[in-house]
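What follows is a single structure, written as structure tokens, with notes after it.
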Ligand code: MG
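Residue numbers (this note's numbering): 2 to 289.
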């Protein structure tokens, strides 16, 4: 079996202006798969889906996961994430669950069977059982909605430790709830050594981000720093070796949160694709 079929390369892209990789960069680098940051729910129309599907088919690119996000979320600093991101903030919870369902329907029109999201900073079960149960309940509702399309939910890692994430998945009790593992987020948020975390949650990992970062000098209080792939503290060889040992077979999706400048993206994403291609060839014992 070729490496390309076991671990096809991918990039994180976006329909709206933002931090996604530009279409022409995807084409120039011949990246075969993408994860897509969904447009805001009102723009998730059948027409947008049809146009996107035509474009992906022209480019010969497979869509592997659609990520939901909301215009009023902010990643400015860790306390702001806790206040504004995902299904956790109470004031926007109902509206966002409804929005995620629209995004899941949009993904279904695109024949995509995975829907990803940042759930937000889930309160500790013991410190706020009522809110914890409420977030469990809406996640269950979302899992049941996407199950009607035969889809899975992939929770993005980083905002909680591996043990907290396992406890949460156990509490939801749905067999279509999985993980999109992002090793750099564990470092950025200071929630755990990424490889150790990956080994703990590995059985739930159905998609991954290839992203790198350096630790903050005050982990969990302030952000670490995102850096080009291979230059941070993740350790890409060990990351890929662990994924292989855990039996992960699926896309290696490069996520690089840099502005949409084509030349910089071509340079940095190009380097990342070469690094992953070389390491994969080494690990699978094939010429690259
Ligand atoms: Mg990520």
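Glycine included, every Cβ here is placed at the ideal spot set by N, Cα and C. Given the structure is predicted, the values throughout are model-derived calculations rather than measurements.
With respect to residue 252, residue 208 sits close: the two C-beta atoms are nearer than 8 angstroms.
At a threshold of 7 angstroms, residue 157 counts as near the ligand MG, since its beta carbon sits closer than that to one of the ligand's heavy atoms. Along the length of the segment 33 to 80, whole beta strand (DSSP E) runs at least 3 residues long occupy 34 to 38 and 63 to 68, reported in chain order.
Where residue 208 is concerned, there is no enclosing alpha helix (DSSP H), although the beta strand (DSSP E) around it starts and stops at 206 to 211. Three or more beta-carbon pairs drawn from the segment 40 to 47 and the segment 89 to 109 are found closer than 8 angstroms, and the two stretches are therefore classed as touching. Those residues placing their Cβ nearer than 5 angstroms to any heavy atom of the ligand MG are, following chain order, 183, 210 and 256. Boundaries for residue 180: no alpha helix (DSSP H) harbours it, while the beta strand (DSSP E) harbouring it runs 178 to 182, taken from the DSSP string.
For the segment 95 to 173, the full-length alpha helix (DSSP H) segments reaching 4 residues or more read 130 to 148 and 163 to 173 along the chain. Per DSSP, the unbroken beta strand (DSSP E) holding residue 226 starts and ends at 226 to 228. Three or more Cβ pairs closer than 8 angstroms define a contact, and the segment 55 to 75 meets that threshold against the segment 105 to 122. Listed in chain order, the alpha helix (DSSP H) runs fully inside the segment 224 to 283 are 237 to 246, counting runs of at least 4 residues. In chain order, 120, 121, 122, 123 and 136 place their CB closer than 7 angstroms to the CB of residue 89, counting only its own chain and leaving out the 5 sequence neighbours on each side.
CA-CA distance, residue 81 to residue 235, rounds to 25 angstroms. When C-alpha distances from residue 193 are compared across 262, 205 and 225, the shortest belongs to 225. Residue 132 has its alpha-carbon roughly 30 angstroms from the corresponding atom of residue 196. Exclusion of the five residues before and after residue 140 leaves 173 as the residues of its chain whose Cβ lies within less than 6 angstroms of its Cβ.
Residue 181 is classed as buried because its beta carbon has at least 16 other beta carbons within 10 Å across all chains shown. Between the C-alpha atoms of residue 114 and residue 151 there is a straight-line separation of about 7 angstroms. If you check the CB distance, residue 201 and residue 184 do not come in under 8 angstroms. Per DSSP, residue 199 is one residue of the alpha helix (DSSP H) stretching across 195 to 202. Rounded to whole angstroms, the Cβ separation of residue 26 and residue 263 is 6 angstroms, and the two are in contact under 8 angstroms. DSSP, reduced to helix, strand and coil, places residue 10 within a strand of the structure shown.
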